[in-house]
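A short worksheet on the structure shown next.
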Amino acid sequence: MIDKTGLTGSYNFELKWTPDIISSGPDGPPPPSDTDRPSLFTALSDQLGLKLESAKGPVEVWVIDGVARPSLN
74 MIDKTGLTGS
84 YNFELKWTPD
94 IISSGPDGPP
104 PPSDTDRPSL
114 FTALSDQLGL
124 KLESAKGPVE
134 VWVIDGVARP
144 SLN
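Position one of the sequence shown corresponds to residue 74 (my numbering), numbered consecutively onward.
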C-alpha cells in the first residue's frame, strides 16, 4: 500500500467488518458468526472515510539467491 492520505501522527480506531470467508476444509476455522457487517472496503469508506484505489507505484523487492545452514564454528 502507498499512503497518500497526508495524515500524520497515531490514531486509535475500531473498524467493524466481515472478513472474507476462505474455505480451508473441515478442520479450518468456523465462518464468522456476525455476517451483517460490511466488507472491508465498505467499512473503510463508511467508518473512516478512506478509499482504497488500485494503482502502480514503486515497490521494494528482495531477491534471495541462495540459502545455507550456518557453520558450527
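For glycine and all other residues, C-beta sits at the position ideal for the given N, C-alpha and C.
Figure out for me which residue from the options has the closest Cα to the Cα of residue i.
{"i": "Ala-116", "options": "Ile-75, Val-132, Trp-135, Asp-93", "result": "Asp-93"}
{"i": "Asp-76", "options": "Leu-88, Gln-120, Leu-113, Lys-124", "result": "Lys-124"}
By Cβ distance below 8 Å, which residues in the same chain neighbour residue i in space, the five residues on each side in sequence not counted?
{"i": "Ser-127", "result": "none"}
In whole angstroms, what separates the C-alpha of residue i from that of residue j?
{"i": "Asp-138", "j": "Pro-131", "result": "22 Å"}
{"i": "Tyr-84", "j": "Val-134", "result": "29 Å"}
{"i": "Arg-110", "j": "Ser-118", "result": "13 Å"}
{"i": "Glu-87", "j": "Val-140", "result": "41 Å"}
According to DSSP, is residue i helix, strand or coil?
{"i": "Ser-127", "result": "coil"}
{"i": "Phe-114", "result": "helix"}
{"i": "Leu-121", "result": "helix"}
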